[in-house]
Amino acid sequence: MSGPLYEETTNMTDPQNSTPSNQPPAYQAPAYASAPPASPAAGSGPIPGRTMGIVAFVLSFFAQLIGLILGIIALVQSRKAGHKNGFALAAIIISVVLGIVGIIVGIVVFSLFMNASTDIYQQYLDNCSTGGSGYIEYMGEQIPCEQVDQGQLD
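Read left to right, the sequence shown gives residues -13 to 140 (this note's numbering).
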């Protein structure tokens, strides 16, 4: 087998042969783009004020004044470092809203209590003096004037 077919096949597999062959080039891996650089926030450490913002957020539900103060401090620290702090902002908003609601509820409860105590005092003056019925009505019950401690009404 010394014909041209034999020579052609030996040329294709013989690494010593430097003559070009009719073989396609070997497979090469496609070139991929390099990875993007790491963001500076990933390795730059903790964000200033972030932990305090979370603490302020939790406290804003229970102790509004403390939550408000810590939220403002955390927000200022984060802004100075050039970061956003959603927890601190939420703590400020929640503290203010719940504080206002608490003040309104306090005023309403105080006024209801004052009206009730004024009403009992007025009943005492009207009914326990000479010529009165001798009873005070409190929460649907009639209480004799003798059982009422006068020192608590003054």
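All C-beta atoms in this analysis are idealised placements derived from N, C-alpha and C, irrespective of residue type, glycine included.
Bear in mind that the values here come from a model prediction, so they are computed numbers and not experimental data.
At the level of alpha carbons, what is the spacing between residue i and residue j?
{"i": "D112", "j": "L54", "result": "49 Å"}
{"i": "D105", "j": "I93", "result": "18 Å"}
{"i": "V91", "j": "S97", "result": "10 Å"}
{"i": "G88", "j": "F43", "result": "17 Å"}
{"i": "I86", "j": "I52", "result": "15 Å"}
{"i": "V95", "j": "A102", "result": "11 Å"}
{"i": "Q63", "j": "L84", "result": "24 Å"}
{"i": "A21", "j": "Q50", "result": "47 Å"}
{"i": "E123", "j": "M100", "result": "16 Å"}
{"i": "A60", "j": "G31", "result": "16 Å"}
{"i": "G72", "j": "I58", "result": "12 Å"}
{"i": "V41", "j": "S119", "result": "59 Å"}
So, for residue i: in the same chain, excluding its five sequence neighbours on each side, which residues have a beta-carbon less than 8 Å away from its beta-carbon?
{"i": "Y121", "result": "N113, Q128, I129, P130, C131"}
{"i": "Q145", "result": "For residue 145 there is no data in the structure shown, the boundaries of the chain being -13 and 140."}
With distances taken from CA atoms, which of the options is nearest residue i?
{"i": "A74", "options": "Q133, L56, S20", "result": "L56"}
{"i": "V82", "options": "F48, V134, Q133", "result": "F48"}
{"i": "R65", "options": "M100, F99, G39", "result": "G39"}
{"i": "K70", "options": "S115, Q14, A21, T37", "result": "T37"}
{"i": "G68", "options": "A77, I78, A76, I33", "result": "I33"}
Does residue i pass the burial test, meaning 16 or more other C-beta atoms within 10 Å, or should it be called exposed?
{"i": "G29", "result": "At G29 the pLDDT is 49, less than 50, meaning the model places this residue with poor confidence and gives no usable figure here."}
{"i": "Q9", "result": "exposed"}
{"i": "G35", "result": "buried"}
{"i": "A17", "result": "exposed"}
{"i": "Y13", "result": "exposed"}
{"i": "A15", "result": "exposed"}
{"i": "A158", "result": "Residue 158 lies beyond the stretch modelled for the chain, which goes from -13 to 140, so this question has no answer here."}
Looking only at its chain, what residues have a beta carbon closer than 6 Å to the beta carbon of residue i, apart from the 5 residues adjacent to it on each side?
{"i": "M125", "result": "none"}
{"i": "I80", "result": "S46"}
Can you find a CB in chain B that lies within less than 8 Å of the CB of residue i?
{"i": "V82", "result": "Checking the listed chains, one finds no chain B in this structure; it contains a single protein chain."}
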